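Q: Each step along the sequence shown adds one to the number in the numbering used here, with nothing skipped, and position 692 is 1305.
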Amino acid sequence: MKKALLPAATLVTGLAAGWFGHQYWVPPAGTGQSSPHGKFGIVTAPVAVQPIQESAAKEIPPGGNAAAATLTAWHDLLKKEPNDIRSLGKILATLDSMKPEDIFAIAVQLTSRGNLWDEDESQLRRVLFSKLAELDPDRALTTAMGAKDHWSRLNGLIPVIQRLSDNDPAAAEAAVLKIPQGQMRMELAARLASFMAQTDGPGAAAMLTRLKLPSGDASWSSLYSSWAASDPGAASAALMALPRDAALRSLSSMCEAWALRDPSGAVAWARSLTDPAMRSSALLTTITSLAQSNPREATALASAQPVGERRNLLTRIADSLAAADGPKAIEWTKSLTDPAERQRCLARIVYSASRADIASAKEAIAQLPPGAVRSDALGYLVRHMSYSDPNSAKEWVMSLPAYERTQWMGSFLTPLSIQDPAEAERLSRDLPPSRANEHIWRNIASNKAVADPAGTLTWAATLDTEQARQAATRAAFETWSGHSPAEAAKALNGITDANLRRNATETLARTWASRSPAEAEQWAASLSGDDRFTALSTVWNATAIDDPQRAARSLVTTAQQADSATAIDKLSASAASIASAWTGQNPSEAAAWALTLPDGKLREEALGKVAGEWARYDPEAVSVWINSLPQDRSRDYAIGQLVNQIASTDPASAFTWASSMAAGEKQIEVLKSAAATWKNQDPDAARAAIQNSSLPDEVKARVMESIR
614 MKKALLPAAT LVTGLAAGWF GHQYWVPPAG TGQSSPHGKF GIVTAPVAVQ PIQESAAKEI
674 PPGGNAAAAT LTAWHDLLKK EPNDIRSLGK ILATLDSMKP EDIFAIAVQL TSRGNLWDED
734 ESQLRRVLFS KLAELDPDRA LTTAMGAKDH WSRLNGLIPV IQRLSDNDPA AAEAAVLKIP
794 QGQMRMELAA RLASFMAQTD GPGAAAMLTR LKLPSGDASW SSLYSSWAAS DPGAASAALM
854 ALPRDAALRS LSSMCEAWAL RDPSGAVAWA RSLTDPAMRS SALLTTITSL AQSNPREATA
914 LASAQPVGER RNLLTRIADS LAAADGPKAI EWTKSLTDPA ERQRCLARIV YSASRADIAS
974 AKEAIAQLPP GAVRSDALGY LVRHMSYSDP NSAKEWVMSL PAYERTQWMG SFLTPLSIQD
1034 PAEAERLSRD LPPSRANEHI WRNIASNKAV ADPAGTLTWA ATLDTEQARQ AATRAAFETW
1094 SGHSPAEAAK ALNGITDANL RRNATETLAR TWASRSPAEA EQWAASLSGD DRFTALSTVW
1154 NATAIDDPQR AARSLVTTAQ QADSATAIDK LSASAASIAS AWTGQNPSEA AAWALTLPDG
1214 KLREEALGKV AGEWARYDPE AVSVWINSLP QDRSRDYAIG QLVNQIASTD PASAFTWASS
1274 MAAGEKQIEV LKSAAATWKN QDPDAARAAI QNSSLPDEVK ARVMESIR
């Protein structure tokens, strides 16, 4: 990653102070310097590619009735056939016999309906787009990008990238570069790194560096995890060559993969580390894995560590053992001599065993003495049992001592309200007013409202306490708006409580927008006063990820009519939400739009969000952009977000950027944050930078005091 450019006004000062020494700065070719991953033979000039726009696939004609019928038949096959491998094999055999145009038509039909959030649907996408990638990778990419929503696009793109990486990693990288810069490209780069590292770890690292993925991004963890599964020695050597913070972020992923392959080798390597934090993280992962095959050795290794690290390791061993054998885990705790450590491990067994071994979880509870540890573990188990078998939870809780029975009745009453609302109502009337009581009334009202939402609102108004009335009314309205938003909208006028009305309006707008954005926006625009801004902003927030341009246009029009502080706050929050979503798809467009907003909070929030999101994957471009902004409060908001993103990897530039902000409390706040991050890495350099800066003496003193 290149070093973030410094503010234009302070660039000369930065050079004079020698701040361009950071290892992430990649100098121009021919200078004789190299990037931190230079030993991997990185190509610094990626192949020029033409980005695929999401709108490109929308010009392709739909597949027609035949494609829809084929999809329906395949879905039926996946649901009826108990063996997934057999059913997918049949589908693949059919695809192999089809004409490319017919396969393409089916893919277009699939993308036209969005993500159904169904495992069968996901499997079908993987098979279909993998086949399409085999036939025509570019066409496969274009088709996947034509899907309606982010996850549908991603689930179509991943098998294309995987298929390409199997045969031609360079082509897979070029395909990733065709995706518009943003979150989706980053996610695909992570998948590609994982695929490549199975056979070529150095090549995968070189690829991520060419794509300018910051070292702290999750894609690097994917790379080292996959690499360690095939060549842990090379993966660990490469990891340790990274800057410390970057290595720490990927350490656990690598150790986990290594421990699955060679537990003793992973433990030996972890124990050889001299950095305390890295050693602790590596031991935690590897010893937890060793516990399954050799709990005695894992316990001995954990017991030899300092007290804080030892307790953490022991609880992880308890968790690992309980997941496989609850009684064995409980028996193991008897070997622990420290009472506090034994209690912590018993509680951990409760958390782990409750997923599949309720009897062991109850036995662990029985061995815990009264106190905070037992109370927390008991609450967890009651909540877990309540959702799997509320009647059994009820019987067990009612057998507990009185003080525990009163404390945890609320946990089983919530799911009991689904099976037996009358019994849940009867028992809950004996509970004192509390947040748990509110939760119970909400769930009872939700269940009643499925059959009779209008009657449930009337019933909620008759409840004894204000807390119960508020909770039940809100819940009834949430349920109603989920299936009949137009009918629920008519009931809004009957809600006179301001807070309850606002919550109901937000709930209706959010739910309606997920079903029909156009209808939801039309309804929201028909409201008046603060209700209108509340509803519109909620609709924009809900739809920005799929169509930020539309939300942006609507917000700009509405902003001209804002006449209250509440309206400005709502619009500003929406501007930030839209800017965030848009930046992930096209940062330059989002930045241009943010600059068109009127001066004030609206523009500040949007520009700040653009800078923060953009800086996650291209701080250099953000630096150039911020240098072009006018010197005003909006620019300072953008600088603050840039500083937050680059402080951990480039503290010197972060501090210089903070120094370029307009004088005031906002600048001091950002300076303190940048200095604190720098201090954690190099306290002497941080203090020297503060002392040698051109900041006023009073500001220097306040910032220096914050890092003493």
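Ideal Cβ positions, reconstructed from N, Cα and C, are used throughout, including at glycine.
Keep in mind that this is a model prediction, so the values were computed, not measured.
Reducing DSSP to helix, strand and coil, say where Tyr1230 ends up.
A: As a position in the sequence shown, residue 1230 is number 617, starting the count at 1. Reduced to three states, the DSSP call for Tyr1230 is coil.
Q: At the level of alpha carbons, what is the spacing between Asn696 and His688?
A: On the sequence shown, position 83 is the one that residue 696 refers to. On the sequence shown, position 75 is the one that residue 688 refers to. Each residue's Cα considered, the two are about 14 Å apart.
Q: Once the 5 residues before and after Ser999 are set aside, which same chain residues still bring their CB inside 7 Å of it?
A: Against the sequence shown, residue 999 aligns to sequence position 386. Once the five neighbours on either side are set aside, the close Cβ partners of Ser999 are Ala1006, Ser1024, Phe1025, Thr1027, Pro1028.
Q: Leaving aside the five residues before and after Leu1215 along the sequence, list all residues of the same chain whose C-beta is less than 8 Å from its C-beta, in chain order.
A: Translated into the one-based positions of the sequence shown, residue 1215 becomes position 602. Once the five neighbours on either side are set aside, the close Cβ partners of Leu1215 are Ala1172, Ile1181, Leu1184, Ser1185, Ala1188.
Q: Go ahead and label Ala661 buried or exposed: buried means 16 or more other beta carbons lie within 10 angstroms of its beta carbon, across all protein chains shown.
A: Stepping through the sequence shown from its first residue, residue 661 is reached at position 48. Because the pLDDT of Ala661 is 42, which lies under 50, any placement of that residue in the model is unreliable, and the question is left without a value.
Q: With DSSP as the reference, label Pro1309 as helix, strand or coil.
A: Here residue 1309 refers to the residue found at position 696 when the sequence shown is read from its first residue. Reduced to three states, the DSSP call for Pro1309 is coil.
Q: Just confirm the distance between the C-beta atoms of Ser1334 and Ser866, as a whole number of angstroms; I'd bet it's less than 8 Å.
A: Any question about residue 1334 goes unanswered here, given that the chain covers just 614 to 1321.
Q: Thinking C-alpha only, which one of Tyr1230, Leu1220, Arg1229, Ala969 is nearest Ile1239?
A: The sequence position of residue 1239 within the sequence shown is 626, counting from 1. Looking at the Cα atoms, Leu1220 is the closest of the given residues.
Q: Relative to the C-alpha of Thr1019, which residue among Lys692, Val995, Pro1034, Ser1247 is closest?
A: As a first step, residue 1019 is located in the sequence shown; it is residue number 406 there, counting from the start. That would be Val995, whose Cα lies nearest to the Cα of Thr1019.
Q: Just confirm the distance between the C-beta atoms of Ile1053 and Ala1073, as a whole number of angstroms; I'd bet it's less than 8 Å.
A: The residue labelled residue 1053 in the question sits at position 440 within the sequence shown. The residue labelled residue 1073 in the question sits at position 460 within the sequence shown. Actually they do not touch by this definition, with Cβ atoms about 13 Å apart.
Q: Helix, strand or coil, according to DSSP, for Ser668 in the structure here?
A: Along the sequence shown, read from residue 1 onward, the residue named residue 668 stands at position 55. Since pLDDT at Ser668 reaches only 41, below the 50 mark, its modelled position is unreliable, and no value is offered.
Q: Nearest to Asp1002 by CA position, among Ala1081, Ser1030, Asp1295, is which residue?
A: By one-based count along the sequence shown, residue 1002 stands at place 389. That would be Ser1030, whose Cα lies nearest to the Cα of Asp1002.
Q: If you drop the 5 nearest sequence neighbours on each side, which residues of the same chain put their C-beta closer than 8 Å to that of Asp1335?
A: Residue 1335 is absent from the model: the chain starts at 614 and stops at 1321.
Q: Whole angstroms are fine: how far does the CA of Leu1284 sit from the CA of Ala1314?
A: The count along the sequence shown starts at 1 and reaches residue 1314 at position 701. The count along the sequence shown starts at 1 and reaches residue 1284 at position 671. The straight-line gap from Cα to Cα measures roughly 12 Å.
Q: Look at the Cβ atom of Ala860, then the Cβ atom of Leu836, and state whether they are nearer than 8 Å.
A: Numbered from its first residue, the sequence shown carries residue 860 at position 247. Numbered from its first residue, the sequence shown carries residue 836 at position 223. No; because the gap between Cβ atoms is not below 8 Å, this pair is not in contact.
Q: Which parts of the region 685-728 are runs of the alpha helix (DSSP H), unbroken and 4 residues or longer, counting only runs that do not cross its ends?
A: Runs of the alpha helix (DSSP H) inside the region 685-728: 697-709, 713-724.
Q: According to DSSP, is Thr1078 helix, strand or coil?
A: Your numbering for residue 1078 matches position 465 in the sequence shown. In the structure shown, Thr1078 sits in coil (DSSP, three-state: anything other than H, G, I, E or B).
Q: Whose CA, out of Ala977, Cys868, Arg857, Asp1245, lies closest to the CA of Asn848?
A: Translated into the one-based positions of the sequence shown, residue 848 becomes position 235. As written in the sequence, residue 848 is Ala, which differs from the Asn given in the question. Ranking Ala977, Cys868, Arg857, Asp1245 by Cα distance to Ala848 puts Cys868 first.
Q: Going by the beta-carbon positions, is the gap between Trp1136 and Ala1102 smaller than 8 Å?
A: Residue mapping note: residue 1136 aligns to position 523 of the sequence shown, counting from 1. Residue mapping note: residue 1102 aligns to position 489 of the sequence shown, counting from 1. Yes, these two residues count as a Cβ contact at 8 Å.
Q: Beta-carbon within less than 6 Å of Leu741's beta-carbon, same chain only, minus the 5 sequence neighbours each way: which residues are those?
A: Walking along the sequence shown from the start, residue 741 turns up at place 128. Within the same chain, Leu741 has close Cβ partners Ala720.
Q: Going by other Cβ atoms of all chains shown within 10 Å of its Cβ, with 16 needed for buried, is Ala1302 buried or exposed?
A: Here residue 1302 is taken as the residue at index 689 of the sequence shown, counted from 1. Burial call: buried.
Q: Around the C-beta of Thr685, are 16 or more other C-beta atoms found within 10 angstroms, so that it is buried, or is it exposed?
A: For the purposes of this step, residue 685 is taken as the residue at position 72 of the sequence shown. That one is exposed.
Q: With a cut-off of 8 Å on the beta carbons, I'd call Leu748 and Pro713 a contact; round off their distance for me.
A: To locate residue 748, count along the sequence shown from 1; it is residue 135. To locate residue 713, count along the sequence shown from 1; it is residue 100. About 5 Å; that satisfies the 8 Å criterion.
Q: Which word fits Arg1166, buried or exposed, when buried means at least 16 other C-beta atoms lie within 10 angstroms of its C-beta?
A: Residue numbering aside, residue 1166 sits at position 553 when the sequence shown is read from its first letter. Exposed: under 16 other Cβ atoms inside 10 Å.
Q: Please tell me whether Ser568 and Gly939 are closer than 8 Å, where the distance is taken between their beta carbons.
A: The structure shown has nothing for residue 568, since the chain only spans 614 to 1321.
Q: Excluding the five sequence neighbours on either side, which residues of its own chain have a C-beta within less than 8 Å of the C-beta of Gln1032, listed in chain order?
A: Stepping through the sequence shown from its first residue, residue 1032 is reached at position 419. Closer than 8 Å at Cβ, skipping near neighbours: Pro1003, Asn1004.
Q: Three-state secondary structure (DSSP) at Leu1121?
A: One-based indexing of the sequence shown puts residue 1121 at position 508. The answer is helix: DSSP assigns Leu1121 an H, G or I state.
Q: Alpha carbon to alpha carbon, what distance is there between Ala953 and Ala1131?
A: Start at 1 with the first residue of the sequence shown, and residue 1131 comes out as number 518. Start at 1 with the first residue of the sequence shown, and residue 953 comes out as number 340. Going from the Cα of Ala1131 to the Cα of Ala953 covers about 58 Å.
Q: Look at the alpha carbon of Leu873 and the alpha carbon of Trp840, and state the distance between them as a whole number of angstroms.
A: The sequence position of residue 873 within the sequence shown is 260, counting from 1. The sequence position of residue 840 within the sequence shown is 227, counting from 1. Answer to the nearest angstrom: the Cα atoms are 13 Å apart.
Q: Select from Ala760, Leu914, Leu886, Ser765 the residue whose C-alpha is nearest the C-alpha of Glu732.
A: In the sequence shown, counting from the first residue as 1, residue 732 sits at position 119. Measuring from the Cα of Glu732, the nearest candidate turns out to be Ser765.
Q: Considering only residues of the same chain and omitting the five flanking positions on each side of Met799, which have a CB-CB separation below 7 Å?
A: Taking the sequence shown and counting its residues from 1, one reaches residue 799 at position 186. Only Leu826, Asp830, Ser832, Tyr1230 meet the Cβ criterion.
Q: In whole angstroms, what separates the C-alpha of Phe1146 from that of Ala1126?
A: Counted from its first residue, the sequence shown places residue 1146 at position 533. Counted from its first residue, the sequence shown places residue 1126 at position 513. Roughly 15 Å separates the two Cα atoms.
Q: Using CA coordinates, which residue listed in Thr1078, Leu1076, Phe1090, Ala1084 is at the minimum distance from Val1063?
A: Locating residue 1063 in the sequence shown gives position 450, where the first residue counts as 1. Taking only the C-alpha atoms, the option nearest Val1063 is Phe1090.
Q: Leaving out five residues on either side along the sequence, give the residues of the same chain with a beta carbon under 7 Å from the beta carbon of Cys958.
A: The sequence position of residue 958 within the sequence shown is 345, counting from 1. Same-chain partners within the cutoff: Leu927, Thr928, Ala931, Thr946, Leu949.
Q: Could you tell me which of Pro1243, Asp1212, Gln1244, Arg1248 sits nearest to Val1223, measuring between CA atoms?
A: The count along the sequence shown starts at 1 and reaches residue 1223 at position 610. Minimum Cα distance to Val1223 is reached at Arg1248.
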